[in-house]
Amino acid sequence: LTLCDTMLEFYPKEILKIHERIGRFEDVKSYWEKKEDIWI
């Protein structure tokens, strides 16, 4: 039960971090999609 309590405390924090990182990558992608492609 202690392990379950520990995991239930740990995982939501990690999932929140992952969502923040995904949001950051979406922002970066959006930024670069607005740029003109100089390689074409």
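Using my numbering, read the sequence shown as starting at 8 and increasing by one per residue. All residues carry an ideal CB built from backbone N, CA and C; glycine is no exception.
(message) So, for Asp-34: in the same chain, excluding its five sequence neighbours on each side, which residues have a beta-carbon less than 7 Å away from its beta-carbon?
(response) none
(message) Let me check you understand the geometry: is the CB of Asp-44 closer than 7 Å to at least one non-hydrogen atom of the ligand SAM?
(response) The model depicted lacks the ligand SAM and carries no ligand whatsoever.
(message) Once the 5 residues before and after Ser-37 are set aside, which same chain residues still bring their CB inside 8 Å of it?
(response) none
(message) Measuring straight from C-alpha to C-alpha, what distance separates Trp-46 and Glu-27?
(response) 31 Å
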